[in-house]
Amino acid sequence: MSKIAVCPGSFDPITNGHLDIIRRGAEIFEEVIVVVFKNQSKSPLFSVEERIELIKEATKDLPNVSADESKGLVVDYAKEKNASAILRGLRAVSDFEYEMQITSMNRKLNAEVETLFMMTNNQYSFLSSSIVKEAARYQSDVSDLVPKAVESALRKKYQQ
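Going by our numbering, 1025 is the number at position 160 of the sequence shown; the sequence numbering is gapless.
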């Protein structure tokens, strides 16, 4: 069994909550691939290319973490990359219900890939990309919620 994990998400943008999960995953797995997937129900602020660059900048100190993109199903991507696990973060009980549905479907599609859930650090339990974007749009200080490169990119997007 490989020691590769895929950490999927829209990452629009990556937050310190995401980084908490990625960093902890990087301590467990030999390799963590952070994969940007397009969520059809969301209108992204950042292009896929911008998101990948922000992820690379935020994880540059983690030699076993890489960033990629995919348009397909996460289980197909995991199989293509020989990954044994999908790494997902949970903030609250409300996340669990949605994640349970996705995990059940992924298991039906490919039972060889496990999904591992990590509870996020309590200091990030409220944090989401949507909340960060909303705060940044109104010029609130988000410096303790996102990596420096993301803070700068948000300022440029919102002309601060």
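By construction, the Cβ of each residue, glycine as well, lies at the ideal position given by its N, Cα and C atoms.
{"Asked": "Nearest-angstrom beta carbon gap, Glu-922 and Ala-1014 [assumed within contact, 8 Å]", "Found": "4 Å"}
{"Asked": "Where the beta strand (DSSP E) containing Gly-874 begins and where it ends", "Found": "869–874"}
{"Asked": "Cβ shell of Val-940 (< 8 Å), same chain only, five flanking positions each side left out", "Found": "Ile-951, Asn-971, Leu-974, Asn-975, Val-978"}
{"Asked": "Residue of Phe-911, Val-871, Ile-886 minimising C-alpha distance to Lys-1021", "Found": "Phe-911"}
{"Asked": "6 Å CB neighbourhood of Tyr-1019 in its chain, flanking five on each side removed", "Found": "A quick correction: the sequence has Leu, not Tyr, at residue 1019. Closer than 6 Å at Cβ, skipping near neighbours: Ala-1001."}
{"Asked": "Between the CA atoms of Glu-934 and Val-900 - distance to the nearest angstrom", "Found": "5 Å"}
{"Asked": "Assigned secondary structure, Glu-934 (DSSP; H/G/I helix, E/B strand, else coil)", "Found": "strand"}
{"Asked": "Terminal residues of the beta strand (DSSP E) in which Glu-896 lies", "Found": "896–902"}
{"Asked": "Segment limits, alpha helix (DSSP H) that includes Arg-888", "Found": "881–893"}
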